[in-house]
Amino acid sequence: MDSVRYGVIGIKGVGSKHVSMAQEHENVELTALVDLDEEAVKTQSQELGVRAFTDYRELLDAGIVDAVSIATPHHLHSIIGLECLNAGVNVFTEKPLANTVSDGDAMIEAAKARDLKICVGHQYRTYRTPQTMKHLIETGAIGDIMRVLWTWIEFRPESYYDRDIWRQTWRHAGGGVLMNQTSHDLDLICWLVGKPVQVSAIIGNQSHKMEVEDVVCANVLFENGAFGSIQLTINQPRGYSIRQIAGDKGTIAIPDVQSLTNNREDHILLGTYENALTDLVGETPRIAGQPEISWQPVELRAEPGGHDLLMASFTDAILNGGEALVNGESALTAVELINAIVLSAMKKKTVDVPVDREEYAELFDGLSSGSLQIPRL
Ligand SMILES: NC(=O)c1ccc[n+]([C@@H]2O[C@H](COP(=O)([O-])OP(=O)(O)OC[C@H]3O[C@@H](n4cnc5c(N)ncnc54)[C@H](O)[C@@H]3O)[C@@H](O)[C@H]2O)c1
Numbered sequence: 009m010d011s012v013r014y015g016v017i018g019i020k021g022v023g024s025k026h027v028s029m030a031q032e033h034e035n036v037e038l039t040a041l042v043d044l045d046e047e048a049v050k051t052q053s054q055e056l057g058v059r060a061f062t063d064y065r066e067l068l069d070a071g072i073v074d075a076v077s078i079a080t081p082h083h084l085h086s087i088i089g090l091e092c093l094n095a096g097v098n099v100f101t102e103k104p105l106a107n108t109v110s111d112g113d114a115m116i117e118a119a120k121a122r123d124l125k126i127c128v129g130h131q132y133r134t135y136r137t138p139q140t141m142k143h144l145i146e147t148g149a150i151g152d153i154m155r156v157l158w159t160w161i162e163f164r165p166e167s168y169y170d171r172d173i174w175r176q177t178w179r180h181a182g183g184g185v186l187m188n189q190t191s192h193d194l195d196l197i198c199w200l201v202g203k204p205v206q207v208s209a210i211i212g213n214q215s216h217k218m219e220v221e222d223v224v225c226a227n228v229l230f231e232n233g234a235f236g237s238i239q240l241t242i243n244q245p246r247g248y249s250i251r252q253i254a255g256d257k258g259t260i261a262i263p264d265v266q267s268l269t270n271n272r273e274d275h276i277l278l279g280t281y282e283n284a285l286t287d288l289v290g291e292t293p294r295i296a297g298q299p300e301i302s303w304q305p306v307e308l309r310a311e312p313g314g315h316d317l318l319m320a321s322f323t324d325a326i327l328n329g330g331e332a333l334v335n336g337e338s339a340l341t342a343v344e345l346i347n348a349i350v351l352s353a354m355k356k357k358t359v360d361v362p363v364d365r366e367e368y369a370e371l372f373d374g375l376s377s378g379s380l381q382i383p384r385l
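Sequential numbering from 9 applies to the sequence shown in this note's numbering.
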């Protein structure tokens, strides 16, 4: 195969970005667009000289794609994704991979069974701030990670949810601030720090009419022993979101995060200690003695990244082997964390990760049917 025949399913929102990427990428031949909106899909397909469909199953029957992007509401990622994979088509789905860990598992298994590729739209990993943080961690600048503090603070009015009703329900969105706005951040936390193994959380809805949560506080234990505290809200204006990742040799701190939704400049500080904290704790004679910490600003690495890098890695993996930059397994970790947070909050208990699939499926059924509701605060 020299080039990848490509279709985009869901074209009116972020799907338009996938359409332009497929047009521009040298190894991709855009062959089809799919959307429920017949007029929109016909008009755009005519302009681009590609086939138009209102039902993705007709696209699969036509046999004109090797890969698709899925840029639809969340619940369709696994439904459409599984049908595509079972038809032998590689899948680049927008985030999240799936609403539940079980649905994510099924996609990953289907891809493995047919040696197909999955890519997930967690393009924040390619942005300059996370790239810089990753580089600092991987080059040992902060040593072994001991603690993480991560807030995500923004405002979403009712008008945002009135525009897209699917974002309001468990069945369609799979969650609120967790799935919709901050699955990128939760993906970043796991990518930077490691896999979560234990979660204790509270979630609620403080100010919106919708079913799903608009505020979250979670404590997370990671497999490397790091302790994390995460606060997420869409009830307050953007500003002073904090990132701190502290290790035994140093701390990365971003006191006022700018890159919440795009690739703006962040002011990253690196604090380093005179010696490893694990040594200093035994060697400091004064009972309230504090290790010296020297702070310096860190230059952001690399060029601004984005979806294009994901698309390039996805098509390269299809044509030449290997994996996409964000493959199914690595994207599943954020779904594990999100499901664990919801499970912990609803059951009022500490939850082990990987999440118990059956327990979460039962809880999710209750939330989706309305027999269970999150606290209104
Ligand atoms: N990676 C990012 O930064 C980013 C940014 C925005 C959105 N997203 C994700 O992209 C996805 C779509 O979000 P959006 O904001 O574009 O939503 P949207 O509601 O604006 O667009 C969804 C599109 O899907 C179409 N659609 C719905 N059901 C369909 C079906 N059965 N078959 C074909 N088309 C169908 C709709 O007509 C619409 O064109 C979500 O998963 C969202 O989380 C990711």
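We treat Cβ as the ideally placed atom computed from N, Cα and C, and that holds for glycine.
Checking the 6 Å criterion, the Cβ of Ala-79 is within range of a heavy atom belonging to ligand 1. Sixteen is the threshold: since fewer than 16 other Cβ atoms of the shown chains lie within 10 Å of the Cβ of Gly-233, the residue is exposed.
Residue range 336-355 is occupied by the alpha helix (DSSP H) that includes Ala-348.
Annotation for Leu-196: Tyr-132 and Pro-138 place their beta carbon closer than 6 Å to its own, counting only its chain and skipping 5 residues before and after.
The beta carbon of Gly-313 sits no closer than 6 Å to any heavy atom of ligand 1. In this structure, Asp-45 has its CB closer than 6 Å to one or more heavy atoms of ligand 1.
Ligand 1 never approaches His-83 closely enough for any of its heavy atoms to be under 6 Å from the residue's Cβ. With a cutoff of 7 Å on beta-carbon distance, Ile-150 and Gly-290 are scored as not near each other. Bridge partners of Glu-37 according to DSSP: Arg-13. Inclusion of Ile-17 in the 6 Å shell around ligand 1 follows from its C-beta lying nearer than that to a non-hydrogen atom of the ligand. Put simply, the stretch 167-177 does not touch the stretch 299-308. Fewer than three CB pairs are less than 8 Å apart. The beta-carbon distance between Ala-106 and Val-343, rounded to whole angstroms, is 6 Å. This is short enough to meet the 8 Å contact definition. Within a 10 Å sphere around the beta-carbon of Tyr-135 sit 16 or more other beta-carbons, which makes this residue buried. The way I'd put it, the stretch 351-365 doesn't touch the stretch 327-335; fewer than three beta-carbon pairs between them come closer than 8 Å. Pairing Leu-317 with Ile-173, the inter-Cα distance amounts to about 31 Å.
Relative to the non-hydrogen atoms of ligand 1, the Cβ of Asp-256 never comes closer than 6 Å to any of them. Shown here, Gly-112 sits in a helix according to DSSP, grouped into three states.
Partner residues in the beta bridge of Ile-260, as assigned by DSSP, are Ile-253 and Leu-278.
Taking one beta carbon from each stretch, the stretch 45-53 and the stretch 65-74 have fewer than 3 pairs nearer than 8 Å; the two do not touch. Note on Gln-176: 16 or more other CB atoms within 10 angstroms of its CB, so buried under the neighbour-count rule. One Cα belongs to Lys-103, the other to Leu-240, and the distance between them is close to 18 Å.
Counting other Cβ atoms within 10 Å of its Cβ, Ser-377 stays below 16 and is therefore classed as exposed.
Between Ile-276 and Ile-262, the gap from beta carbon to beta carbon is short of 7 Å.
Residue state for Met-29 is assigned as helix, using DSSP reduced to three classes. DSSP lists Val-223 as the beta-bridge partner residues of Gly-212. Excluding its 5 nearest sequence neighbours in each direction, Asn-94 has C-beta neighbours in its own chain below 7 Å: Ala-118, listed in chain order. When rounded, the separation of the alpha-carbon atoms in Asp-274 and Asp-63 is 42 Å. Taken through DSSP and simplified to helix, strand or coil, Met-187 comes out as helix.
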